[in-house]
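**Student:** Following this message is one structure expressed as structure tokens.
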Amino acid sequence: MVFNFDAPVERAGTDSEKWMKYAGRDILPLWVADMDFAAPPAIIDALHARVAHGVFGYNQPTASQTQAVVDYLARKFAWPIEAAWIVWLPGLVSGLNVTCRAVGEAGDAVFTATPIYPPFLSAPKNAGRPVVSVPLIQDKQRWAWDFDAVDVALEKTRTKLFLLCHPHNPCGRAWDDDELQQLARLAEKHDLVICSDEIHNGLILSPPASPSHQHRVFATLGDDIAARTITLMAPSKTFNIPGLGAAFAVIPDAVLRKRFSAAAAGIVPHTNLFGLAALEAAFTRCDDWHAALLDYLRGNAQAVENAVDGIPGLAMHPVEATYLAWIDAREFARQRGINHPAKHFEAHGLGLSDGAAFGAPGFVRLNFGTRRALLDEALARLDAACR
């Protein structure tokens with residue numbers, strides 16, 4: 009089957025948060041992390057079938073929906089889990105917030121590394137937990153961990169929880185096995201629970217023949233690591249269905265799973281019935297669409313890299329995973345005397361995420377999960393804004 013990712017889908021004037029932000033203004037929205045592509049046909053068919061049933065009462069995940077998760081994780085990541093390890097959620101951000109309430113006590117710190125997806129910084133504060141962080145560092149080719157600095161930060165603080173973004177948003181890294189092993193050793197040394205946000209696991213952009221093409225689930229590093237890990241996943245990013253509200257945590261350790269469920273009780277609502285129908289279709293009938301999507305996103309990623317490489321004052325590393333380009337505009341801002349690059353680009357018709365929200369002022373995040381014609385126009389505006 010041929011999938012046309014160049015086909016326009018009108019989102020302006022709809023309920024799209026992404027497009028409503030700039031309603032009535034000539035600003036292309038490439039900020040929040042959802043794509044402008046229609047969902048896979050198999051998901052749309054599954055939703056039509058669920059609507060045709062006509063009754064939308066209180067729901068629980070069906071046996072086939074649960075089995076779809078079990079089979080998908082085994083098939084895609086060689087991760088054999090038990091159905092009892094799954095805790096259903098309405099969204100991944102809910103999972104981050106529940107985890108921060110379930111692990112440790114008030115005053116215990118939560119560690120993460122910046123720049124980072126903003127809820128990693130807000131969820132600990134919502135739970136009365138201080139945030140401890142160290143910055144990721146840049147080598148010539150990519151963003152990397154400063155493991156010594158992480159070790160020192162953990163040694164000096166009363167940290168109980170490590171929030172890991174894997175693959176990384178916004179830097180676009182797909183952490184390799186050596187990096188994950190070093191993080192695992194630090195977690196064991198400091199007796200930490202690891203909450204691994206793996207929502208972008210289906211968006212590895214390395215070519216299929218590359219050794220780094222396959223996502224490595226953090227919890228598969230060993231039984232000891234699995235016992236201290238909460239893995240958060242959802243089909244929402246890979247299959248572009250974030251508005252359907254379906255996610256899950258996989259928690260092998262029974263005690264940790266009980267604490268997580270207790271922290272969610274009475275606060276976190278049930279997983280949406282349409283989201284569960286979409287999840288089952290995504291995990292069982294969308295492999296061809298997924299492969300075509302990755303091919304398209306690879307081309308978009310290369311287009312962004314080429315454009316940024318040709319613009320003085322901007323820089324970025326190649327995107328290994330996600331559909332998000334993390335662009336360093338600090339030199340451009342310094343040269344021009346601009347305090348807020350994101351606002352400057354908005355004034356030139358381009359809506360990007362402000363790096364300040366990720367703990368990195370001077371950077372911007374560009375979502376290239378859109379049709380090529382719109383992306384080309386956005387990159388032309390980026391170039392014009394810098395010249």
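Last residue of the sequence shown: 395 in my numbering, with the numbers rising by one and none dropped. Glycine included, each C-beta is placed from N, C-alpha and C at the ideal position.
Would the beta-carbon of LEU240 be found less than 7 Å away from any heavy atom of the ligand MG?
**Tutor:** No copy of the ligand MG appears in this structure; indeed no ligand is present at all.
**Student:** I think LEU169 touches LEU200, with their Cβ atoms under 8 Å apart; what is that distance to the nearest whole Å?
**Tutor:** Counting from 1 along the sequence shown, the entry for residue 169 is found at position 161. Counting from 1 along the sequence shown, the entry for residue 200 is found at position 192. At roughly 6 Å, the Cβ-Cβ gap stays under 8 Å, so LEU169 and LEU200 are in contact.
**Student:** Could you check which residue in ILE89, ALA92 and PRO126 has the C-alpha nearest to that of ASN105?
**Tutor:** Position 97 of the sequence shown, counted from the first residue, corresponds to residue 105. Minimum Cα distance to ASN105 is reached at PRO126.
**Student:** Tell me where the beta strand (DSSP E) around ILE94 begins and ends.
**Tutor:** Mapped onto the sequence shown, residue 94 falls at position 86. Start and end: 94–97.
**Student:** Please report the Cβ distance between CYS203 and ILE51, rounded to the nearest whole angstrom; I am assuming they are in contact, meaning their Cβ atoms lie under 8 Å.
**Tutor:** Here residue 203 refers to the residue found at position 195 of the sequence shown. Here residue 51 refers to the residue found at position 43 of the sequence shown. The Cβ separation is near 27 Å, so there is no contact.
**Student:** With ALA393 and LEU358 assumed to form a contact (beta carbons below 8 Å), what rounded beta-carbon distance in angstroms separates them?
**Tutor:** Working through the sequence shown from its first residue, we reach residue 393 at position 385. Working through the sequence shown from its first residue, we reach residue 358 at position 350. Confirmed, Cβ separation roughly 7 Å.
**Student:** Would you report the Cα separation of ARG19 and ASP231, rounded to the nearest angstrom?
**Tutor:** Position 11 of the sequence shown, counting from 1, holds the residue named residue 19. Position 223 of the sequence shown, counting from 1, holds the residue named residue 231. Rounded to whole angstroms, ARG19 to ASP231 spans 45 Å at the Cα level.
**Student:** Using only alpha-carbon positions, find the residue among PRO88, TRP39 and ILE319 that is nearest to ALA227.
**Tutor:** As a position in the sequence shown, residue 227 is number 219, starting the count at 1. When only C-alpha atoms are compared, the closest one is PRO88.
**Student:** If you scan the region 27–94 from start to end, which runs of the alpha helix (DSSP H) of 4 or more residues do you find wholly inside it?
**Tutor:** 49–61 and 71–85, all fully within the region 27–94.
**Student:** For a cutoff of 8 Å on Cβ pairs, would you count THR107 as touching chain D?
**Tutor:** Protein chain content of the structure displayed is limited to a single chain, and chain D is not contained in it.
**Student:** Are the beta-carbon atoms of HIS208 and ASN177 separated by less than 8 Å?
**Tutor:** Taking the first residue of the sequence shown as 1, we reach residue 208 at position 200. Taking the first residue of the sequence shown as 1, we reach residue 177 at position 169. In contact: HIS208 and ASN177 (Cβ atoms closer than 8 Å).
**Student:** What are the boundary residues of the alpha helix (DSSP H) that TRP297 is part of?
**Tutor:** Within the sequence shown, numbered from 1, the residue matching residue 297 stands at position 289. Taken as a continuous stretch (DSSP letters only), the alpha helix (DSSP H) holding TRP297 covers 295–317.
**Student:** Which residue spans inside the region 208–240 form an unbroken alpha helix (DSSP H) run of at least 4?
**Tutor:** 231–235
**Student:** Among VAL312, LEU172 and THR246, which one has its Cα closest to the Cα of ARG380?
**Tutor:** Looking up residue 380 in the sequence shown gives position 372. The option with the nearest alpha carbon to ARG380 is VAL312.
**Student:** Start and end of the alpha helix (DSSP H) containing PHE119?
**Tutor:** Position 111 of the sequence shown, counted from the start, is the residue given in the question as residue 119. Element bounds for PHE119: not the alpha helix (DSSP H) but the beta strand (DSSP E), 117–122.
**Student:** Using three-state DSSP, classify LEU287 as helix, strand or coil.
**Tutor:** By one-based count along the sequence shown, residue 287 stands at place 279. In this structure, LEU287 counts as helix in the three-state DSSP scheme.
**Student:** Could you check if ASP186 is buried or exposed, using at least 16 other CB atoms within 10 Å of its CB as the buried criterion?
**Tutor:** For the purposes of this step, residue 186 is taken as residue 178 along the sequence shown, with counting starting at 1. Exposed, by the Cβ-count rule.
**Student:** If you reduce the DSSP assignment to three classes, tell me which class THR246 lands in.
**Tutor:** Locating residue 246 in the sequence shown gives position 238, counting from the first residue. Three-state result, THR246: coil.
**Student:** Which residue marks the beginning of the beta strand (DSSP E) containing ARG373, and which one marks its end?
**Tutor:** As a first step, residue 373 must be located in the sequence shown, where it is residue number 365. Judged by DSSP secondary structure, ARG373 falls within the beta strand (DSSP E) whose first and last residues are 371–375.
**Student:** Hey, would you say PRO243 sits closer than 8 Å to LEU305, going by beta carbons?
**Tutor:** Here the question's residue 243 lines up with position 235 in the sequence shown. Here the question's residue 305 lines up with position 297 in the sequence shown. No, they are not a contact pair.
**Student:** Look at the alpha carbon of ALA57 and the alpha carbon of SER24, and state the distance between them as a whole number of angstroms.
**Tutor:** In the sequence shown, residue 57 corresponds to position 49, counting from 1. In the sequence shown, residue 24 corresponds to position 16, counting from 1. Spanning the two alpha carbons is a distance of roughly 24 Å.
**Student:** According to DSSP, which residues form a beta bridge with LEU332?
**Tutor:** Stepping through the sequence shown from its first residue, residue 332 is reached at position 324. DSSP, once it has assigned bridges, lists ASN375 as partnering LEU332.
**Student:** Quick one: Cα of ALA309 to Cα of VAL327, how far?
**Tutor:** On the sequence shown, residue 309 is found 301 positions in, with the first residue counted as 1. On the sequence shown, residue 327 is found 319 positions in, with the first residue counted as 1. If I take the Cα positions, the gap works out to 7 Å.
**Student:** Assess, as a yes-or-no matter, whether the region 139–154 is touched by the region 116–123 under the definition of 3 or more beta carbon pairs within less than 8 Å.
**Tutor:** yes
**Student:** With burial defined as no fewer than 16 other Cβ atoms inside 10 Å of the residue's Cβ, what is the status of GLU90: buried or exposed?
**Tutor:** Sequence index remark: in the sequence shown, residue 90 carries index 82 (1-based). Answer is exposed; the Cβ neighbour count stays below 16.
**Student:** Helix, strand or coil: which one does DSSP assign to PHE11?
**Tutor:** By 1-based counting over the sequence shown, the position of residue 11 is 3. In this structure, PHE11 counts as coil in the three-state DSSP scheme.
**Student:** Taking the straight line between their C-alpha atoms, what separation do you get for VAL258 and ALA82?
**Tutor:** Locating residue 258 in the sequence shown gives position 250, where the first residue counts as 1. Locating residue 82 in the sequence shown gives position 74, where the first residue counts as 1. About 13 Å.
**Student:** Do LEU387 and ALA315 have their beta-carbon atoms positioned less than 8 Å apart in this structure?
**Tutor:** Counted from its first residue, the sequence shown places residue 315 at position 307. Counted from its first residue, the sequence shown places residue 387 at position 379. A contact, by the Cβ cut-off of 8 Å.
**Student:** Helix or strand or just coil, what does DSSP make of GLN146?
**Tutor:** Residue mapping note: residue 146 aligns to position 138 of the sequence shown, counting from 1. The answer is strand: DSSP assigns GLN146 an E or B state.
**Student:** Who are the Cβ neighbours of PRO138 in its own chain at under 6 Å, not counting the five residues just before and after it?
**Tutor:** For the purposes of this step, residue 138 is identified with residue 130 of the sequence shown, where counting begins at 1. Non-local C-beta neighbours of PRO138 in its own chain, meaning closer than 6 Å and more than five positions away in sequence, comprise ALA117, ordered along the chain.
**Student:** Can you have a look at LYS351 and say buried or exposed, based on whether 16 or more other CB atoms are within 10 angstroms of its CB?
**Tutor:** Walking along the sequence shown from the start, residue 351 turns up at place 343. Burial call: exposed.
**Student:** Could you tell me the alpha carbon to alpha carbon distance between ILE233 and GLU385, rounded to whole angstroms?
**Tutor:** In the sequence shown, counting from the first residue as 1, residue 233 sits at position 225. In the sequence shown, counting from the first residue as 1, residue 385 sits at position 377. About 46 Å.
**Student:** What span of residues does the alpha helix (DSSP H) with ALA350 cover, start to end?
**Tutor:** If you number the sequence shown from 1, residue 350 lands on position 342. Counting along the chain, the alpha helix (DSSP H) containing ALA350 begins and ends at 349–355.
**Student:** Quick one: using the 10 Å Cβ neighbour count with 16 as the cut-off for buried, is GLY318 buried or exposed?
**Tutor:** The count along the sequence shown starts at 1 and reaches residue 318 at position 310. GLY318 is exposed by the Cβ-count criterion.
**Student:** Cutting at 6 Å between CB atoms, please list the residues of its own chain near HIS198, excluding the five before and the five after it.
**Tutor:** If you number the sequence shown from 1, residue 198 lands on position 190. Closer than 6 Å at Cβ, skipping near neighbours: LEU162.
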